[in-house]
Structure formats: C-alpha cells, structure tokens
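Notes to accompany the following structure.
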Amino acid sequence: MISWLHGVIAVTNAAALVYFAMLGALQLSLMATAAVGVGRRHLHDLSLAGFDRRSSAITPRVSVIVPAHDEEAVVVDTVGVMLTGSYPDLEVVVVNDGSTDGTLEALVAAFDLRPVDRIVPRGRPARMVRSVLASDLHHGLLVIDAEPSGTRAGAMNIGLAVASGELVCAVDADTLVAPDAIARLVQPFLEDDRVVGASGTLRAVNGCRVVRGRVVSDHPPRGLLARIQETEYVRSFVFGRLGWNRLGGNVIISGAFGLFRADALRAVGGYRVDSVGEDLELVLALRRRGREHRGPDRVEVVPDAVAWTEVPSDRRSLGRQRRRWQTGLLLALWRYRGVIGRPRYGPMGVVVTPCYVAFELLAPVMEVLGLVVIGVGLATSTLGGVEVAMFAALAYGLTMVVGIWALVLDAVIDPGRRSLREWASRAATLVVEQFGFRQMTTWWRLRGLVEAFGDTPTWGRQVRTGFGDPTRAGDT
Amino acid sequence: MPVTVLGWLLVAEIALLCVLTLVALAVLGGRSWDGRHDEGLRDARDRVLQLLAGVGDLPTASRYLMVLPVRLRRRLILDLVPNVGPAERPLLAELAAHAGLVARARRSIRSRWWRRRLGGVHVLTAAGVDDRYRSVLLDDPVPAVRAAAAWWSSTVAPGPRCAASLAARADDPSGRVRHAIAESLSRLGPDGARVVADLMVAGSPRGRRVALTAASGLHDPRVEAAARSLATDPDPSCRASACRLLSSSDPATVVVLDRLVLDPDPGVRAAAAASLGAGRTDGLVDRLAPLVIDEDDVVRTAAAEALVQLGPVGRMVVRARVAAAGSVTVEERS
Numbered sequence: 000m001i002s003w004l005h006g007v008i009a010v011t012n013a014a015a016l017v018y019f020a021m022l023g024a025l026q027l028s029l030m031a032t033a034a035v036g037v038g039r040r041h042l043h044d045l046s047l048a049g050f051d052r053r054s055s056a057i058t059p060r061v062s063v064i065v066p067a068h069d070e071e072a073v074v075v076d077t078v079g080v081m082l083t084g085s086y087p088d089l090e091v092v093v094v095n096d097g098s099t100d101g102t103l104e105a106l107v108a109a110f111d112l113r114p115v116d117r118i119v120p121r122g123r124p125a126r127m128v129r130s131v132l133a134s135d136l137h138h139g140l141l142v143i144d145a146e147p148s149g150t151r152a153g154a155m156n157i158g159l160a161v162a163s164g165e166l167v168c169a170v171d172a173d174t175l176v177a178p179d180a181i182a183r184l185v186q187p188f189l190e191d192d193r194v195v196g197a198s199g200t201l202r203a204v205n206g207c208r209v210v211r212g213r214v215v216s217d218h219p220p221r222g223l224l225a226r227i228q229e230t231e232y233v234r235s236f237v238f239g240r241l242g243w244n245r246l247g248g249n250v251i252i253s254g255a256f257g258l259f260r261a262d263a264l265r266a267v268g269g270y271r272v273d274s275v276g277e278d279l280e281l282v283l284a285l286r287r288r289g290r291e292h293r294g295p296d297r298v299e300v301v302p303d304a305v306a307w308t309e310v311p312s313d314r315r316s317l318g319r320q321r322r323r324w325q326t327g328l329l330l331a332l333w334r335y336r337g338v339i340g341r342p343r344y345g346p347m348g349v350v351v352t353p354c355y356v357a358f359e360l361l362a363p364v365m366e367v368l369g370l371v372v373i374g375v376g377l378a379t380s381t382l383g384g385v386e387v388a389m390f391a392a393l394a395y396g397l398t399m400v401v402g403i404w405a406l407v408l409d410a411v412i413d414p415g416r417r418s419l420r421e422w423a424s425r426a427a428t429l430v431v432e433q434f435g436f437r438q439m440t441t442w443w444r445l446r447g448l449v450e451a452f453g454d455t456p457t458w459g460r461q462v463r464t465g466f467g468d469p470t471r472a473g474d475t
Numbered sequence: 000m001p002v003t004v005l006g007w008l009l010v011a012e013i014a015l016l017c018v019l020t021l022v023a024l025a026v027l028g029g030r031s032w033d034g035r036h037d038e039g040l041r042d043a044r045d046r047v048l049q050l051l052a053g054v055g056d057l058p059t060a061s062r063y064l065m066v067l068p069v070r071l072r073r074r075l076i077l078d079l080v081p082n083v084g085p086a087e088r089p090l091l092a093e094l095a096a097h098a099g100l101v102a103r104a105r106r107s108i109r110s111r112w113w114r115r116r117l118g119g120v121h122v123l124t125a126a127g128v129d130d131r132y133r134s135v136l137l138d139d140p141v142p143a144v145r146a147a148a149a150w151w152s153s154t155v156a157p158g159p160r161c162a163a164s165l166a167a168r169a170d171d172p173s174g175r176v177r178h179a180i181a182e183s184l185s186r187l188g189p190d191g192a193r194v195v196a197d198l199m200v201a202g203s204p205r206g207r208r209v210a211l212t213a214a215s216g217l218h219d220p221r222v223e224a225a226a227r228s229l230a231t232d233p234d235p236s237c238r239a240s241a242c243r244l245l246s247s248s249d250p251a252t253v254v255v256l257d258r259l260v261l262d263p264d265p266g267v268r269a270a271a272a273a274s275l276g277a278g279r280t281d282g283l284v285d286r287l288a289p290l291v292i293d294e295d296d297v298v299r300t301a302a303a304e305a306l307v308q309l310g311p312v313g314r315m316v317v318r319a320r321v322a323a324a325g326s327v328t329v330e331e332r333s
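As they're listed, the protein sequences go chains A and B. All letters in the first sequence, in the order written, are residues 0 to 475 by numbering that gives the first Met the number 0. All letters in the second sequence, in the order written, are residues 0 to 333 by numbering that gives the first Met the number 0.
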C-alpha cells in the first residue's frame with residue numbers, strides 16, 4: 000500500500016515539476032516579449048510626437064456603444080466624458096437595456112434628448128427597440144431605449160445594429176475613458192489593415208478622485224482587496240496581454256474597453272448572447288474568421304490607451320466575478336476547441352489556446368492537486384519538509400518576479416503615475432496576495448469550473464454609488 | 000527533484016528578483032532625478048506661454064528655457080505645438096532657434112542614429128523651418144523617421160513639390176508611413192487634390208488606397224472625377240470607398256451611382272445608396288426604392304435611411320415598399 004502511494008506521489012511530483020518548469024519558461028518568455036512590446040510602443044509614440052489627431056480630416060468614424068442597465072449613478076459621467084474627448088469623429092450609442100431605475104431620465108435631462116426617426120435593421124435587436132433619442136446639444140449622441148435583453152451581449156448587439164461607425168468601441172457604463180484613449184486605440188487600425196481589434200488598459204478607479212467623469216487624481220485604492228486587484232490588473236494588462244501580443248496571440252480584449260472593426264463584428268454575428276465569457280468568445284470568433292477568410296485577424300494592445308473601471312471591493316462580488324470568468328473561459332475554449340492545436344490558426348491555435356488550457360483553465364486544478372499531494376507526501380514522509388518549502392518558495396516567488404516586472408513596465412509606460420512609496424506599497428501587495436488571496440481565488444476558480452456544468456451563471460445585479468463617492472461599493 | 004537543484008533554482012530566482020528590484024529603483028529613481036527640473040520646467044513653460052500670449056518677451060523666455068537640459072527644452076516645445084495656432088507658430092520657431100534647438104536639429108537629421116534624426120525632424124516640424132533634407136528623410140530606412148518626415152514636409156513646406164514627393168512614396172511598405180502620407184496629402188488642399196486624383200487613376204493598388212484615404216479629407220471636383228473612374232475597379236473595397244466620394248448631384252456622378260447600386264458587393268451597394276441620398280438628385284425616390292427590399296441588411300438600412308431623410312414622401316415609400324414586399328424587411332421605429 001505504502002509503496003503504491005510512494006509511486007503515485009513520485010509520479011505526481013514529477014508531473015508537477017514538469018508543469019511548473021513549462022509555466023516558468025512561458026512566464027519568462029512573456030516577460031521578455033512584454034518588455035519588447037513596451038519598448039516598441041515607446042518608439043511608436045516617439046514617432047507620433049507633435050502629430051495632432053484632433054485636426055485630422057481622414058479619421059474613421061468610431062461608434063462607442065455603452066450598454067446600460069440600471070446605471071443611473073454613473074452613466075451621465077461616462078457619456079459626458081466621452082463626448083468631450085479629443086477624437087474628431089465620434090458617435091456615442093447608449094443602449095438603455097430595460098433599466099428600472101432613472102437611467103433614461105438622467106440621460107434625457109443631462110443631454111436634452113428628443114425622439115428621432117432611425118432605421119433599425121430587421122432582426123432581434125430591432126424588435127427590442129422601443130425608441131431612439133438624439134440630442135440637439137451633442138450631435139454624436141444617440142440613446143436607444145430598449146426592452147431588457149437580459150445580457151450585456153444582447154445590449155451590445157442592439158447598439159451594433161444602430162452604430163454607423165467603421166470602428167466600434169465597447170465601453171461599460173461604469174468605465175471612464177481617458178480623453179485621448181480612443182485616438183490612441185484607433186492608431187493600430189490606421190497603420191495596419193490586418194488589425195481586427197485593439198485592447199486598451201484598464202485601471203482601478205477605486206481610490207481615484209473623479210470630477211465630472213474625469214480622473215483628476217490617481218491614487219491607489221484603499222481596501223486590501225481592491226489594492227491586490229489593482230496590482231493584478233497591471234500584471235494582466237502590462238505583462239500578460241502585452242506579452243502575448245508580441246507573440247501574435249492575444250485573445251482577450253476586455254469588454255469594458257475595446258475597439259473592433261464594425262464589419263468584422265457584424266460578419267461574426269456580433270456578441271453571443273448565450274455566453275458568459277462573451278469578450279473572449281468574440282475575439283476567438285473574429286480571429287478564427289480572419290484566418291479562415293484571409294481577412295483581418297490581428298489584435299493589438301495599446302498600453303497607454305487608458306480607461307478606469309470599478310473593481311469589486313468585497314469578497315462576495317469578487318468571488319462571483321472570478322467564478323464567472325472561469326466558467327466563461329471553460330465554455331469559450333470548449334466552443335472553440337476546433338482552434339486548439341491547429342497550425343491553420345497560427346500562434347492562436349498552436350501556442351495561445353493550448354497555453355490557456357494548461358495554465359489558465361487547469362491552473363486551479365493543478366494548484367489544489369499539488370497541495371493535496373504535498374499534504375499526503377508530508378504525512379507519509381514521502382516528501383521532505385525542506386524540499387516542499389523550497390518548491391513552494393520557488394512557485395510563489397515566480398509570481399513575485401512576474402508581478403515586480405509588470406510594475407517596472409507600468410512605471411516605464413506611465414512615468415510619474417506612482418511615487419516610489421506607492422510603488423513599494425504595490426510591490427508589498429504582491430507578497431500579501433500569496434497568503435490568503437491566492438488560495439481564495441483558486442477556490443473560486445475551481446467552483447467556476449464546476450458551475451460550468453450546471454446552469455449558465457448570470458451577471459448579477461450591479462449597485463453603483465457614482466464616481467464621486469470615495470467609498471463606492473462596486474459590484475455587490 | 001533533488002534539493003540541490005531546487006536550491007540553485009531558488010538562488011537564481013532570488014537573484015532575478017534582486018535584479019528586477021534594482022531595475023525598478025533605477026526607473027523610479029531616474030524619474031525622481033528628472034523631477035529636480037520640475038520647477039524650472041514649470042517656470043519655463045509659464046514664460047513661453049506668456050510670450051505666446053503676447054505679454055512676455057523672447058529673451059526672458061529663452062533664458063528660462065536655456066536653464067533646462069536640451070531634451071527637456073525640446074519636450075516643452077513639442078508639447079506646446081498642438082495647442083499653438085498658426086499666428087503664434089513663428090514666435091515658437093524663433094524661440095526654438097534662440098534656444099539652440101533648431102541648429103541642433105539640423106545637425107541631428109544627418110546623424111547615423113535614427114532616434115536623433117527623428118528628434119531633429121520633430122523639432123524642425125514644430126519650428127516650421129527647413130525642408131532641405133526632405134527627400135533624404137522621406138527615404139530614410141526607418142519607418143518612424145519616414146512617417147515623421149512626411150508630416151514635417153506637409154507642415155513646413157506645403158505645395159506642389161511636397162505633394163508630388165509624397166505621392167511618389169505612396170507605395171511605401173510600412174502602413175504607418177502610408178497613413179502619414181495620406182494624412183499629409185489630405186492637408187495640402189488643391190495641391191494635394193491634384194496628385195491624389197492622379198494617384199487614384201494611375202497608382203498601384205496600395206497607392207490607390209492611400210489616395211482614397213486622403214481623398215476622404217479633400218473636397219475637390221478633381222477627386223470626384225477620379226473616383227468615378229474607380230467604379231469598375233476589381234477591388235470591392237476600392238469601389239465602396241470611391242462611392243463615398245461621389246456625393247454631388249452631377250449627372251455624370253449619378254450615372255455612375257446608378258450603375259453601382261446594382262453592384263454584386265453589398266458594401267458597394269450600401270455606399271452607393273448613401274451617396275445617392277446625399278446628392279439629393281431628381282428622381283431619387285425611384286432610384287432608392289428598389290434598394291429598400293434588397294437582400295442585404297446593410298443595403299436596406301442605407302437606402303431606407305436616405306429615403307427617410309427626404310421627409311414624409313421618402314418615409315411613405317419605405318412603408319409602402321415594405322408592405323408590398325409582403326414581409327417586414329426594415330423596421331422603422333419612433
């Protein structure tokens with residue numbers, strides 16, 4: 000019995016080490032490619048110095064779609080800041096997705112809206128439109144009052160049916176877009192016909208001082224949970240997406256702030272309304288279609304196109320968000336399983352999707368399995384205490400290395416954003432998150448995997464208190 | 000895995016962590032080191048703004064500027080450029096010359112280091128001087144320098160020669176350079192329109208795209224005439240772009256658009272419908288009415304939008320057509 004157990008533990012131990020070695024190699028590669036990406040962006044910005052996009056006569060029209068369901072507290076600020084941005088040809092389409100609060104009334108009062116005639120193409124989106132309103136004050140603003148679609152994807156599709164821009168920008172109603180962010184995000188489309196989507200950088204607005212929708216002072220969030228998430232966001236956007244981008248395989252454009260080619264978006268049928276991870280599925284669909292039809296299939300990450308969004312500040316809503324993300328990842332990868340490992344789909348098929356399966360989807364399973372084996376190994380004296388401690392230090396240390404590198408790159412991208420003291424405090428959260436937060440996240444992700452086999456999870460109700468409130472509750 | 004191997008890996012990881020922390024300190028420390036000029040930069044900016052507003056004098060602004068390192072002087076001037084009007088531009092140029100930036104930029108554009116050449120081009124663009132090295136810089140091996148040179152050229156010395164030299168490079172392999180050329184041509188007005196029209200007719204496929212992009216910012220009859228000739232182009236995106244340029248009620252244009260509403264590509268048909276609507280020609284309702292029951296959503300919407308914009312008659316036609324087709328093809332709301 001004991002020798003059998005020893006054998007199992009030895010095999011599992013070896014498998015864990017191979018897995019860890021592969022993960023380490025991938026992360027070191029991403030560190031290098033992310034650094035190259037930041038360097039190239041810096042040079043790219045240098046070449047555009049002195050160029051004034053505001054006076055350009057040849058910019059493509061951008062339609063910003065803002066799905067809003069019970070967003071009375073934040074929607075006016077979000078829309079207002081976009082209408083006063085620096086992009087010359089912008090259309091803002093707000094979809095009031097059957098709000099039960101005063102979202103529509105707030106918009107009508109703030110922007111002096113009146114009903115207008117507007118053609119909506121036949122189909123599900125058209126059947127859901129109650130009325131279309133426009134503003135005499137802001138010619139680029141259109142508000143669609145729609146029946147509740149039930150999902151963010153449904154509301155986005157209604158907006159897409161009405162949008163007239165060549166490029167479509169998805170912005171959440173609780174997201175504040177920096178004044179120059181859309182112009183920056185458009186740049187890759189102007190320079191390369193093969194670009195189908197572009198992703199900006201999201202930052203946590205918790206802790207920032209916001210006046211009329213503009214972030215006037217950018218401070219770290221107050222609560223520990225939000226602080227850890229702020230560092231996570233940096234790691235995800237600066238390290239992960241930028242790193243994958245240089246490898247040609249970024250498959251995530253955040254739903255809160257991303258830009259797409261409108262014709263490509265329509266060609267894939269818009270967003271999937273029956274999906275939990277509709278952002279991931281959309282990018283997979285766009286890139287797959289691009290590869291199959293020899294159309295645009297590239298995704299670019301623009302780290303200095305910044306938008307601010309609320310991060311959950313309590314455990315319950317954070318847990319729900321993480322479970323939803325993991326469920327969405329599993330369902331998306333299952334739907335697009337035909338892409339995984341297929342050279343036909345380039346780096347996305349050969350490298351990215353297999354890595355997502357191994358190191359994102361299965362990561363919580365491997366982590367829990369590792370902890371169980373360590374526990375059993377220690378109990379049966381198959382594994383030595385020193386060996387286990389060293390391995391744990393190595394594994395957690397790797398996350399630290401990646402985190403520190405992401406913070407360094409963030410300091411290079413946006414110099415002066417954080418003082419040395421704030422930077423050190425962010426680095427300290429990298430240590431803190433290893434004890435408690437990491438295990439909590441692993442548990443939620445594991446639950447997300449299990450829930451994927453049950454009913455499709457819902458978005459849940461979002462309670463907003465407005466950007467001006469420093470004690471905002473976030474997603475509850 | 001033996002403990003010794005784990006030990007070595009751990010040592011390597013700790014070493015890497017130390018190196019990264021040192022890099023972080025260097026980056027953040029470097030920013031703090033730069034911060035020692037913050038006050039001087041602020042003072043210099045105030046003086047330059049006073050000069051541009053007509054309440055300061057050149058020697059004072061220049062003195063404040065000279066206190067700063069060259070790169071900060073250059074950055075200050077470049078940051079101000081987008082907010083400076085044409086009337087203040089000569090003053091800024093004079094200040095840049097006074098602060099030694101123009102002489103340095105003239106040397107930089109002949110440097111073997113491309114970042115210096117790029118910096119030089121930027122300063123000369125901002126100062127609005129000197130296009131002696133235009134062709135050399137437009138043929139630079141680095142795309143960033145070529146793109147900046149295109150922009151510089153059209154800002155500093157707009158005119159037929161500039162337009163011709165930009166058009167000759169419309170086939171550039173770099174997308175960034177091609178876009179800079181299109182942007183520059185669109186700002187050249189009639190000089191740009193002439194070469195853009197030629198490029199649309201006789202350019203390579205890549206050049207034609209640059210010309211079509213530039214043409215969308217030019218409102219010139221020569222461009223419209225050239226766009227008519229692209230109605231038979233084999234590339235559907237080219238035909239659709241050409242359609243968008245045909246917005247007048249000129250009979251020759253209407254004939255071309257009448258042909259393009261029957262195009263096999265839906266994108267071209269939609270663009271033609273929208274252009275017909277914008278032209279407001281006689282018999283527009285009859286021309287657009289069949290498109291309201293087109294098989295493609297985008298075409299139906301474009302045609303219906305154009306008709307609805309005509310007023311009650313157009314709206315009535317949309318409803319009648321939809322009813323006659325026996326099914327709802329386009330839903331008009333509110």
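The C-beta atom is built at its ideal place from N, Cα and C for all residues, glycine as well.
According to the DSSP secondary-structure assignment, residue 308/A is paired through a beta bridge with 174/A, 203/A. Take residue 90/B, set aside five residues on each side of it, and the residues of its chain with a beta-carbon closer than 7 Å to its own are 50, 51, in chain order.
Contact check for residue 100/B against residue 72/B passes: the beta carbons are separated by less than 8 Å. Only exposed fits residue 3/A, as fewer than 16 other CB atoms lie within 10 angstroms of its CB. Sequence-distant Cβ neighbours of residue 277/A in its own chain, meaning closer than 6 Å and more than five residues away, are 152, 270, 271. Between residue 77/A and residue 172/A, the C-beta spacing is below 8 Å. Under the Cβ criterion (8 Å, minimum of three pairs), the region 79-99 of chain B counts as touching the region 123-136 of chain B. Here the C-alpha atom of residue 44/A lies approximately 16 Å from the C-alpha atom of residue 191/A. Among the residues of the region 395-406 of chain A, those with a Cβ less than 8 Å away from any Cβ of chain B are 396, 397, 399, 400, 403, 404, 406, in the order of the chain. Its Cα nearest to that of residue 251/A, the residue 359/A stands out among 176/A, 359/A, 397/A.
Taking CB atoms only, residue 329/A has no neighbour in chain B less than 8 Å away.
When secondary structure is reduced to three states using DSSP, residue 96/A falls in the strand class. Taking residue 19/A as the centre and dropping the five residues before and after it, the same chain places the C-beta of 394 closer than 7 Å to its C-beta, in chain order. Here the region 217-231 of chain B makes contact with the region 255-269 of chain B; the two share three or more CB pairs at distances below 8 Å. Shown here for residue 439/A: same chain residues with a beta carbon closer than 8 Å to its own, the five before and five after excluded, namely 314, 318 in chain order. Taking 8 Å as the cut-off, the beta carbon of residue 181/B is found no closer than this to the beta carbon of residue 224/B. The closest CA to that of residue 339/A, considering only 372/A, 309/A, 284/A, is found on 284/A. Interface annotation, residue 90/A: not in contact with chain B, CB-CB separation never under 8 Å. The residue among 255/A, 288/A, 280/A with its C-alpha nearest the C-alpha of residue 263/A is 288/A.
Excluding five sequence positions before and after residue 354/A, the CB atoms of its chain that fall closer than 7 Å to its own CB belong to 25, given in chain order.
Below the 8 Å Cβ cutoff, chain A contributes 42, 43, 45, 46 as neighbours of residue 143/B, in chain order. In this chain, the alpha helix (DSSP H) harbouring residue 182/A covers 180-190.
Counting along the chain, residue 351/A sits inside no alpha helix (DSSP H), nor does DSSP assign it H or E at all. Taking the C-beta atoms as reference points, residue 447/A is found no nearer than 8 Å to residue 333/A. Between residue 205/A and the set 188/A, 223/A, 189/A, 193/A, the nearest pair of CA atoms involves 223/A. A Cβ-Cβ contact shorter than 8 Å links residue 64/A with residue 162/A.
One Cα belongs to residue 280/A, the other to residue 412/A, and the distance between them is close to 29 Å.
Under the three-state reduction of DSSP output, residue 64/A falls in the strand class.
Rounded to whole angstroms, the separation of the alpha carbons of residue 164/A and residue 121/B is 32 Å. For residue 157/A, the nearest beta carbon of chain B is not closer than 8 Å to its own beta carbon. Contact of residue 29/A with chain B by beta-carbon distance below 7 Å is absent, the smallest such distance being about 14 Å. Taking 8 Å as the CB threshold, residue 410/A lines the interface with chain B. DSSP places residue 114/A within a strand segment (E or B) once states are collapsed to three. Within chain B, 182, 185, 186, 216 have C-beta atoms less than 9 Å from the C-beta of residue 55/A, given in sequence order. Between residue 404/A and residue 27/B, the C-beta gap is not smaller than 8 Å, which leaves the two residues out of contact. Cβ-Cβ separation between residue 136/B and residue 108/B: approximately 6 Å, consistent with a contact (criterion under 8 Å).
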